[in-house]
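S.K.:
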Ligand SMILES: Cc1ncc(COP(=O)(O)O)c(C=O)c1O
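Numbering (the working numbering), first residue to last: 7 to 417.
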């Protein structure tokens, strides 16, 4: 069969309409859904884990008959179980799994046409900024950047050609919290799509669709994968409006997640709740330590009652997560701190089992122009900590000696 014939292929993908909203699995709590997935067990064999269907293609029983699968770029049973599980967890209708978060965002941007304008959080992952500005800007999409945690700035920046609002909450790396319900009201009023990058909290702690988001995206590389070993990305749609468009884009471009990485991600999801609970518990202890440390200036953690977004976070999330950023009093202490780490890893990612310290200025946010970076607070004194699941005492001891330039205070 010619896989380029979209009409024929669409007929073979039984799930094109998304998940069954009457499915029994939707009645479970999030933690149970994480463990059991959308299907519970593999229906064909009773396998407790959906097997890795490592096949590029699927034979048809007869002409005009289908198993529901034809070609793995279009649909693969392992990936489909993952996609359905993510759609269920996000309270969406349909999800697609891609080879990375950037692949997912890139597909999403192809919904727009030359001359369309997208409003974006001014504090966001540097790679997303680079994709917007240097790649899609070249093809005529327009982007402007506002502090979405100040909702009035969004309203003021809407233009006649605005088609979407794209935001991260909490933002990366400054941990600004955006009022999802307020943004949804603006997006509905102006008939623009509300897109939320939910990477920092995952659907365990935050479900933006419940607050009016139309589209959720993820770097599944972070909390969803959770072990610093897989790259993945997701697009989740709240309803059926864009299903056909995203479907056509994704099967045409072909950047989907492999069966093996889909399986690994399903395996990772089973422990997302306990990982995040532990990461958050450790984060509380580390924030307390950082706030009292002599070389530390400001600490940004949304679970800290002193954080400006604390009350809002309590209203729209079920947890605060494991991401902390903090500034040192002296820029000169940053490099010695990074160089003296023994347990905590100096690396640029987040959401995994290992605690990571990142220097956003030179790593994750290097693509963002200095003026915009400074305005957001991403400067030469700022560090970002992704809290892992180790013993918090060990992490704190390591951070302490590193912040003191390798000098142990005898802890
Ligand atoms: C908030 C956020 N969104 C998207 C991405 C891109 O995801 P990936 O690295 O999986 O392509 C990242 C990566 O760091 C991120 O932090």
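Virtual Cβ for every residue (Gly too), placed ideally from N, Cα, C.
First and last residue of the beta strand (DSSP E) that includes residue 101?
M.R.: Its beta strand (DSSP E) spans residues 100 to 104.
S.K.: Counting Cβ pairs closer than 8 Å, one from the segment 119 to 133 and one from the segment 240 to 254, do we hit at least three?
M.R.: At 8 Å Cβ cutoff, the stretches do not touch.
S.K.: Quick test of your reading: residue 282 and residue 325, contact by CB under 8 Å. State the CB separation rounded to the nearest angstrom.
M.R.: Contact flag correct, Cβ pair sits at about 7 Å.
S.K.: What are the boundary residues of the beta strand (DSSP E) that residue 329 is part of?
M.R.: 329 to 334 is the extent of the beta strand (DSSP E) around residue 329.
S.K.: Short of 7 Å in beta carbon distance, which residues of its chain neighbour residue 163, apart from the five on each side in sequence? Order them along the chain.
M.R.: For residue 163, where only same-chain residues beyond five positions count, the Cβ hits under 7 Å are 125, 150, 152.
S.K.: Report the partner residues of residue 107 according to the DSSP bridge assignment.
M.R.: Beta-bridge pairing links residue 107 to no other residue.
S.K.: Using CA coordinates, which residue listed in 357, 195, 199 is at the minimum distance from residue 169?
M.R.: Comparing Cα positions, the closest option is 199.
S.K.: Quick one: is the Cβ of residue 256 within less than 8 Å of any heavy atom of ligand 1?
M.R.: False, no ligand heavy atom lies under 8 Å from that Cβ.
S.K.: In whole angstroms, what separates the C-alpha of residue 259 from that of residue 89?
M.R.: The straight-line gap from Cα to Cα measures roughly 17 Å.
S.K.: Measuring straight from C-alpha to C-alpha, what distance separates residue 213 and residue 232?
M.R.: Residue 213 and residue 232: Cα-Cα distance of roughly 18 Å.
S.K.: Thinking C-beta only, is residue 222 closer than 9 Å to residue 234?
M.R.: Not a contact, by the Cβ cut-off of 9 Å.
S.K.: Pick from 284, 107, 52: whose alpha carbon is nearest that of residue 394?
M.R.: Minimum Cα distance to residue 394 is reached at 284.
S.K.: For residue 145, is the classification buried or exposed, using 16 other Cβ atoms within 10 angstroms of its Cβ as the cut-off for buried?
M.R.: Classification for residue 145: exposed.
S.K.: Closer than 8 Å: is that where the CB of residue 174 sits relative to any heavy atom of ligand 1?
M.R.: Yes, the beta carbon of residue 174 sits closer than 8 Å to at least one heavy atom of ligand 1.
S.K.: Exposed or buried, which one is residue 408 when buried takes at least 16 other CB atoms within 10 Å?
M.R.: By the neighbour-count rule (16 or more Cβ atoms within 10 Å), residue 408 is buried.
S.K.: Considering residue 225, what are the terminal residues of the beta strand (DSSP E) in which it resides?
M.R.: Its beta strand (DSSP E) spans residues 221 to 225.
S.K.: Hey, is residue 178 close to ligand 1, as in C-beta under 8 Å from one of its heavy atoms?
M.R.: Within the cutoff, so yes.
S.K.: Given a threshold of 16 other Cβ atoms within 10 Å of its Cβ, counted over all protein chains shown, does residue 5 qualify as buried or as exposed?
M.R.: This structure cannot speak to residue 5, because the chain is shown only from 7 to 417.
S.K.: From 48, 28, 183, pick the residue whose C-alpha is nearest to that of residue 323; which is it?
M.R.: With distances taken between Cα atoms, residue 323 lies closest to 183.
S.K.: Cβ of residue 103 versus every heavy atom of ligand 1: is any distance shorter than 8 Å?
M.R.: Residue 103: no, Cβ never under 8 Å from ligand 1.
S.K.: Are residue 154 and residue 141 close, meaning C-beta to C-beta below 9 Å?
M.R.: No, Cβ-Cβ distance for residue 154 and residue 141 is not below 9 Å.
S.K.: Taking only heavy atoms of ligand 1 into account, decide whether any of them is closer than 8 Å to the Cβ of residue 206.
M.R.: Because some heavy atom of ligand 1 lies under 8 Å away, the Cβ of residue 206 counts as near it: yes.
S.K.: What is the C-beta distance between residue 272 and residue 56, in whole angstroms, given that I count them as a contact (C-beta under 8 Å)?
M.R.: Residue 272 to residue 56, Cβ: 6 Å. Contact.
S.K.: Give me the Cα-Cα distance between residue 360 and residue 123, rounded to the nearest whole angstrom.
M.R.: Going from the Cα of residue 360 to the Cα of residue 123 covers about 38 Å.
S.K.: For residue 217, which residues in the same chain have their Cβ closer than 8 Å to its Cβ, ignoring the five residues on either side in sequence?
M.R.: So the list reads 186, 187, 190, 322, once near-sequence residues are dropped.
S.K.: Within 10 angstroms of its Cβ, does residue 91 collect 16 or more other Cβ (buried), or is it exposed?
M.R.: Looking at its Cβ environment, which holds 16 or more other Cβ atoms inside 10 Å, residue 91 is buried.
S.K.: Quick one, which of 59, 330, 98 has its alpha-carbon nearest residue 179's?
M.R.: Answer by Cα proximity: 330.
S.K.: In three-state terms, what does DSSP make of residue 380?
M.R.: Helix.
S.K.: Using 8 Å as the cut-off, classify the Cβ of residue 274 as near or not near the heavy atoms of ligand 1, replying yes or no.
M.R.: Answer for residue 274: no, Cβ out of range of ligand 1.
S.K.: Can you give me the C-alpha to C-alpha distance between residue 414 and residue 313, rounded to a whole angstrom?
M.R.: When rounded, the distance between both Cα atoms is 30 Å.
S.K.: Does ligand 1 have a heavy atom nearer than 8 Å to the CB of residue 323?
M.R.: Not under cutoff, so the answer is no.
S.K.: Would you mind working out which of 386, 340, 275, 390 sits nearest residue 411, comparing C-alpha positions?
M.R.: For the residues 386, 340, 275, 390, the minimum Cα distance to residue 411 belongs to 340.
S.K.: Helix, strand or coil for residue 305, going by three-state DSSP, please let me know.
M.R.: It is a strand residue.
S.K.: Less than 8 Å separating the Cβ of residue 95 from some heavy atom of ligand 1?
M.R.: No, the Cβ of residue 95 stays beyond 8 Å of every heavy atom of ligand 1.
S.K.: Could you tell me the alpha carbon to alpha carbon distance between residue 102 and residue 334, rounded to whole angstroms?
M.R.: Between residue 102 and residue 334, the C-alpha separation is close to 40 Å.
S.K.: Along the chain, where does the alpha helix (DSSP H) that runs through residue 195 open and close?
M.R.: Counting along the chain, the alpha helix (DSSP H) containing residue 195 begins and ends at 186 to 195.
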